[in-house]
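S.K.: Sequence order for the protein chains is A and B.
Residue numbering for the first sequence follows the working numbering, beginning at 1 and increasing consecutively.
Residue numbering for the second sequence follows the working numbering, beginning at 1 and increasing consecutively.
Idealized CB from N, CA, C, for every residue including glycine.
Below: one structure in structure tokens.
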Amino acid sequence: ILNVEQSPQSLHVQEGDSTNFTCSFPSSNFYALHWYRWETAKSPEALFVMTLNGDEKKKGRISATLNTKEGYSYLYIKGSQPEDSATYLCAFNAGNNRKLIWGLGTSLAVNP
Amino acid sequence: NAGVTQTPKFQVLKTGQSMTLQCAQDMNHEYMSWYRQDPGMGLRLIHYSVGAGITDQGEVPNGYNVSRSTTEDFPLRLLSAAPSQTSVYFCASSPRAGTGGRETQYFGPGTRLLVL
Numbered sequence: 001i002l003n004v005e006q007s008p009q010s011l012h013v014q015e016g017d018s019t020n021f022t023c024s025f026p027s028s029n030f031y032a033l034h035w036y037r038w039e040t041a042k043s044p045e046a047l048f049v050m051t052l053n054g055d056e057k058k059k060g061r062i063s064a065t066l067n068t069k070e071g072y073s074y075l076y077i078k079g080s081q082p083e084d085s086a087t088y089l090c091a092f093n094a095g096n097n098r099k100l101i102w103g104l105g106t107s108l109a110v111n112p
Numbered sequence: 001n002a003g004v005t006q007t008p009k010f011q012v013l014k015t016g017q018s019m020t021l022q023c024a025q026d027m028n029h030e031y032m033s034w035y036r037q038d039p040g041m042g043l044r045l046i047h048y049s050v051g052a053g054i055t056d057q058g059e060v061p062n063g064y065n066v067s068r069s070t071t072e073d074f075p076l077r078l079l080s081a082a083p084s085q086t087s088v089y090f091c092a093s094s095p096r097a098g099t100g101g102r103e104t105q106y107f108g109p110g111t112r113l114l115v116l
């Protein structure tokens, strides 16, 4: 059974803090790793799709790294802002079968 | 572009009733899918389609039917609603079906379904 785990489950930080969270996935049959941002009462929005070991992606203050050999990806937020408050989901795809296995997400709250 | 749209936003059903959740996208995407979101569980794939006339089962297909007669529309039918189908349902689409799990998915706003 393929399993994707995210940690921590939730996080509270102060405005301006930098933070990071983890997505762990099976290291065999890796094809792609997705990060999505999900705000309350909205739908998930894509942040990154990562496909190669050692990949680093960046969008503004948010960046992500990928280690397929050990099966983890980190998402970093630099200088958190209240508008960064959301649940951050990762999803793993094995072997090009179109089926994403989703984690439960890390819920981030940024206090002003 | 409206993106991915879903109707209704909220629905209450009685056990045994049937209904269709509508999903449409105006981006000419090949791939469309339905997920359900339940507390304490990740998004789970119900059914998906790689193009008009082609559908396949996901992780939790029982109790649901789909069809894809056009590129734009991908309705999800509940044949005989059960309380276990109380959930939030999301439709998603991706531009191309051929690159499999490397495609970004674009999600609709969701339909909240309560089965009594």
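1) In chain order, what residues of the same chain have a beta carbon less than 8 Å from the beta carbon of tryptophan 38 of chain A, not counting five sequence neighbours either side?
2) Against chain A, with Cβ distances strictly below 9 Å, would phenylalanine 10 of chain B count as a contact?
3) So leucine 45 of chain B is in the beta strand (DSSP E); what residue range does that whole segment cover?
4) Against chain A, which members of the region 52-86 of chain B pass a CB distance test of less than 9 Å?
5) Buried or exposed for isoleucine 46 of chain B, going by 16 or more other Cβ atoms inside 10 Å?
6) When the Cα of glutamine 14 of chain A is compared with those of A:Ala91, A:Lys78, A:Phe92, which residue comes out closest?
7) Have a look at the DSSP bridge pairing and note the partners of alanine 46 of chain A.
8) Counting only the same chain and skipping the five closest in sequence on each side, list residues whose C-beta sits under 6 Å from that of valine 66 of chain B.
9) Straight-line CA distance for serine 18 of chain B to glycine 108 of chain B?
10) At the level of alpha carbons, what is the spacing between serine 73 of chain A and glycine 16 of chain B?
11) Quick one: is glycine 110 of chain B buried, meaning 16 or more other Cβ sit within 10 Å of its Cβ, or exposed?
M.R.: If we stick to the structure as given:
1) Along the first sequence, read from residue 1 onward, the residue named residue 38 of chain A stands at position 38. Excluding residues within five positions, the ones whose Cβ falls inside 8 Å are Pro44, Glu45, Ala86, Thr87, Tyr88, Leu89, Gly105.
2) Along the second sequence, read from residue 1 onward, the residue named residue 10 of chain B stands at position 10. Not a single CB atom of chain A sits nearer than 9 Å to the CB of phenylalanine 10 of chain B.
3) Against the second sequence, residue 45 of chain B aligns to sequence position 45. For leucine 45 of chain B, the enclosing beta strand (DSSP E) stretches over residues 44-51.
4) For the region 52-86 of chain B, which is checked against every Cβ of chain A, the residues closer than 9 Å are Asp56, Gly58, Glu59.
5) If you number the second sequence from 1, residue 46 of chain B lands on position 46. With 16 or more Cβ atoms within 10 Å of its Cβ, isoleucine 46 of chain B is classed as buried.
6) Counting from one through the first sequence, the residue named residue 14 of chain A turns up at place 14. Closest option to glutamine 14 of chain A, Cα to Cα, is A:Lys78.
7) As a position in the first sequence, residue 46 of chain A is number 46, starting the count at 1. Answer is A:Tyr36.
8) For this step, residue 66 of chain B is matched to residue 66 along the second sequence. If you ignore the 5 residues before and after valine 66 of chain B, its C-beta comes within less than 6 Å of the C-beta of His47, Thr55, Leu76, all in its own chain and listed in chain order.
9) Counted from its first residue, the second sequence places residue 18 of chain B at position 18. Counted from its first residue, the second sequence places residue 108 of chain B at position 108. Between serine 18 of chain B and glycine 108 of chain B, the C-alpha separation is close to 22 Å.
10) Here the question's residue 73 of chain A lines up with position 73 in the first sequence. Here the question's residue 16 of chain B lines up with position 16 in the second sequence. Between the alpha carbons of serine 73 of chain A and glycine 16 of chain B lies a gap of roughly 43 Å.
11) Translated into the one-based positions of the second sequence, residue 110 of chain B becomes position 110. Glycine 110 of chain B counts as buried, since at least 16 other C-beta atoms from the protein chains shown sit within 10 angstroms of its C-beta.
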